[in-house]
Amino acid sequence: SYLPLSWITGLVIFLISIVTAFMGYVLPWGQMSFWGATVITNLLYFIPGLVSWICGGYTISDPTLKRFFVLHFIFPFIALCIVFIHIFFLHLQGSSNPLGYDTA
1 SYLPLSWITG LVIFLISIVT AFMGYVLPWG QMSFWGATVI TNLLYFIPGL
51 VSWICGGYTI SDPTLKRFFV LHFIFPFIAL CIVFIHIFFL HLQGSSNPLG
101 YDTA
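Structure (structure tokens):
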């Protein structure tokens with residue numbers, strides 16, 4: 001059954017959409033977006049090295065904005081590829097009649 005793969009790809013599409021929206025929120029680089037980026041990146045400090053890799057240092061600064069811009073541009077293309085994979089798994093699964101009931 002391809003049901004778990006359909007769910008996993010759907011979840012990945014959802015998470016990429018959320019991350020892309022957050023990065024778009026940061027791009028105006030005003031006070032709200034700066035502090036929003038600070039709060040969200042501080043939530044990721046429990047993973048060693050992740051924040052310094054994402055931010056380009058230990059603080060939110062210009063390299064962070066540039067990285068968020070690049071990722072905000074690239075993530076929709078990655079999501080589009082995963083959407084095609086998701087549709088492929090749905091086609092293999094037979095999503096229009098998953099239980100095989102004959103309704104005619």
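Numbered by UniProt numbering, the letters in the sequence shown go through residues 1 to 104 in order. From the three backbone atoms N, C-alpha and C, an ideal C-beta is built for every residue, glycine too.
Are the beta-carbon atoms belonging to H91 and G10 less than 7 angstroms from one another? For the purposes of this step, residue 91 is identified with residue 91 of the sequence shown, where counting begins at 1. For the purposes of this step, residue 10 is identified with residue 10 of the sequence shown, where counting begins at 1. Not a contact, by the Cβ cut-off of 7 angstroms.
Tell me the rounded alpha-carbon separation between D62 and V70. As a first step, residue 62 must be located in the sequence shown, where it is residue number 62. As a first step, residue 70 must be located in the sequence shown, where it is residue number 70. Each residue's Cα considered, the two are about 13 angstroms apart.
Span of the alpha helix (DSSP H), counted from its first residue to its last, around W53: For the purposes of this step, residue 53 is identified with residue 53 of the sequence shown, where counting begins at 1. Residues 50-55.
Rounded straight-line distance, which links the Cα of L3 to that of G36: Within the sequence shown, residue 36 is the residue found at index 36, counting from 1. Within the sequence shown, residue 3 is the residue found at index 3, counting from 1. Distance between the alpha carbons of G36 and L3 is about 36 angstroms.
Tell me which same chain residues have a C-beta within less than 8 angstroms of the C-beta of T59, skipping the five on either side of it? Within the sequence shown, numbered from 1, the residue matching residue 59 stands at position 59. Hits under 8 angstroms: none found.
Cβ distance (whole Å) where H72 is taken to contact L27 below 8 angstroms: Residue numbering aside, residue 72 sits at position 72 when the sequence shown is read from its first letter. Residue numbering aside, residue 27 sits at position 27 when the sequence shown is read from its first letter. Contact holds; Cβ gap of about 6 angstroms.
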